[in-house]
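These notes concern the structure reproduced below.
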Amino acid sequence: GGYVIKHKFDAISQDRPLSGVISAVNQLCLMIKHRLTSKRLIALSNQLKDDFGADIGLLARMLPNVCALSPEFSSLVGEVEDGNTSDKMNARSVSFTLLRFVRLVSSPKRPIMLFL
1127 GGYVIKHKFD AISQDRPLSG VISAVNQLCL MIKHRLTSKR LIALSNQLKD DFGADIGLLA
1187 RMLPNVCALS PEFSSLVGEV EDGNTSDKMN ARSVSFTLLR FVRLVSSPKR PIMLFL
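So the sequence shown is numbered by our numbering: it starts at 1127 and just counts up by one.
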């Protein structure tokens, strides 16, 4: 199976228009951890590291629950916070990062349905 995520959309939160989507995808990380076997979880973690490369720390900062997929992701969040990250991610880069993540964790056999 696939994953079904329900999250209440907050229309009032105009200062953070993607916060509902980010929260929903963050929930997805925990669902993935509980559903995948340890072997598939390791394979997914390696795939995330390969695809995101140096940006895996930014992904972990955006989606804190991604650290549940691999213990080493937690240490990468600290590296991002210690580094020079004064530039805030804009909505386009956040959307692109979320899309990259969703493409990696979903498949025709494991589709993701998101209800906001």
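Beta carbons: idealized from backbone N, C-alpha and C, even for Gly.
When DSSP labels each residue in this structure, what does K1175 get in the three-state scheme?
helix
Where does the unbroken beta strand (DSSP E) through V1228 begin, and where does it stop?
From DSSP, V1228 is part of no beta strand (DSSP E) but of the alpha helix (DSSP H) over A1217 to V1231.
Along the alpha helix (DSSP H) that carries K1159, what are the first and last residues, could you check?
S1145 to R1161
First and last residue of the uninterrupted beta strand (DSSP E) at L1240:
I1238 to F1241
Alpha carbon to alpha carbon, how far is K1132 from L1154?
Looking at the two C-alpha atoms, the distance is approximately 10 Å.
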